[in-house]
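Okay, so here's the structure we're looking at.
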Amino acid sequence: MFPNIPPAAVQYDLQKTGSVEVTCDNVLQNGGLPLPPPNVVASFTIPSTTQASTSSTGISTSLTQQSLIEKYKLQDAVKRGLIPPEPPKKWEATAEKRQELLQWKKDAMVLQARERYLEKQKKKQKEEIEAKTKNNSDFSASCQPQSINLNNTDKEEVVTLEPEVKRRQILQTTERKWKKDV
Numbered sequence: 001m002f003p004n005i006p007p008a009a010v011q012y013d014l015q016k017t018g019s020v021e022v023t024c025d026n027v028l029q030n031g032g033l034p035l036p037p038p039n040v041v042a043s044f045t046i047p048s049t050t051q052a053s054t055s056s057t058g059i060s061t062s063l064t065q066q067s068l069i070e071k072y073k074l075q076d077a078v079k080r081g082l083i084p085p086e087p088p089k090k091w092e093a094t095a096e097k098r099q100e101l102l103q104w105k106k107d108a109m110v111l112q113a114r115e116r117y118l119e120k121q122k123k124k125q126k127e128e129i130e131a132k133t134k135n136n137s138d139f140s141a142s143c144q145p146q147s148i149n150l151n152n153t154d155k156e157e158v159v160t161l162e163p164e165v166k167r168r169q170i171l172q173t174t175e176r177k178w179k180k181d182v
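Sequential numbering from 1 applies to the sequence shown in UniProt numbering.
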């Protein structure tokens, strides 16, 4: 956020204040942050890239293993297909009630997001099926025999036709001539 301020100064101020907002205010009011004492700077060593990538991968794999449905224990609601109604927007008197209301909001948001995701997936699958069906119908229409009167076509046009189309056209012409003769 502040590339011109040394990370050690930011970490030291965060450790002192315990608040990101206060640290940001300090940077904005003072135009920077004071450098930490030399004995404190040694404790703020930045991990090497291999350690950082290992730790970040470890974190990301543990996060991806648990879905939000599992995290908030919403499996029963998913099985029953329940989407809780939007919780009331009011301030509760007790901390327990506020915590309950907050959890209700979280549950509702997770389940609503899941429903939106599933709807998008259904729509995407439907579009893919329609596209495949359209492609198949276009292909089958192109494979339908076309009746072209060879009497009116030039010999050069017949030569340029595809072998299968040419065969069908000759067969149709022969059948028509045979029906006329009989």
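A virtual CB, placed ideally from N, CA and C, is assigned to each residue, including glycine.
Remember, predicted model here, so these are calculated numbers, not experimental data.
- Query: At what residues does the alpha helix (DSSP H) containing Thr94 begin and finish?
  - Reply: Within the sequence shown, residue 94 is the residue found at index 94, counting from 1. Careful: Thr94 lies outside any alpha helix (DSSP H) and carries neither H nor E.
- Would you report the Cα separation of Pro36 and Tyr12, rounded to the nearest angstrom? Residue 36 sits at position 36 when you count from the first residue of the sequence shown. Residue 12 sits at position 12 when you count from the first residue of the sequence shown. The alpha-carbon atoms of Pro36 and Tyr12 are separated by roughly 6 Å.
- Proximity of Leu111 and Ile129 at Cβ, strictly below 8 Å: Position 111 of the sequence shown, counting from 1, holds the residue named residue 111. Position 129 of the sequence shown, counting from 1, holds the residue named residue 129. Contact: no.
- Message: Within 10 Å of its beta-carbon, does Gln15 have 16 or more other beta-carbons around it, so buried, or fewer, so exposed?
- Response: Along the sequence shown, read from residue 1 onward, the residue named residue 15 stands at position 15. That one is exposed.
- In angstroms, rounded to a whole number, what distance separates the CA positions of Thr61 and Lys71? Reading the sequence shown from its first residue, position 61 is the one you call residue 61. Reading the sequence shown from its first residue, position 71 is the one you call residue 71. Note that Thr61 scores a pLDDT of 47, beneath 50, so its modelled location is shaky; the value from the coordinates is reported in the next line. Each residue's alpha carbon lies about 15 Å from the other.
- Applying the criterion that 16 or more other CB atoms from any shown protein chain within 10 Å of the CB defines a buried residue, is Val22 buried or exposed? Locating residue 22 in the sequence shown gives position 22, where the first residue counts as 1. It counts as exposed.
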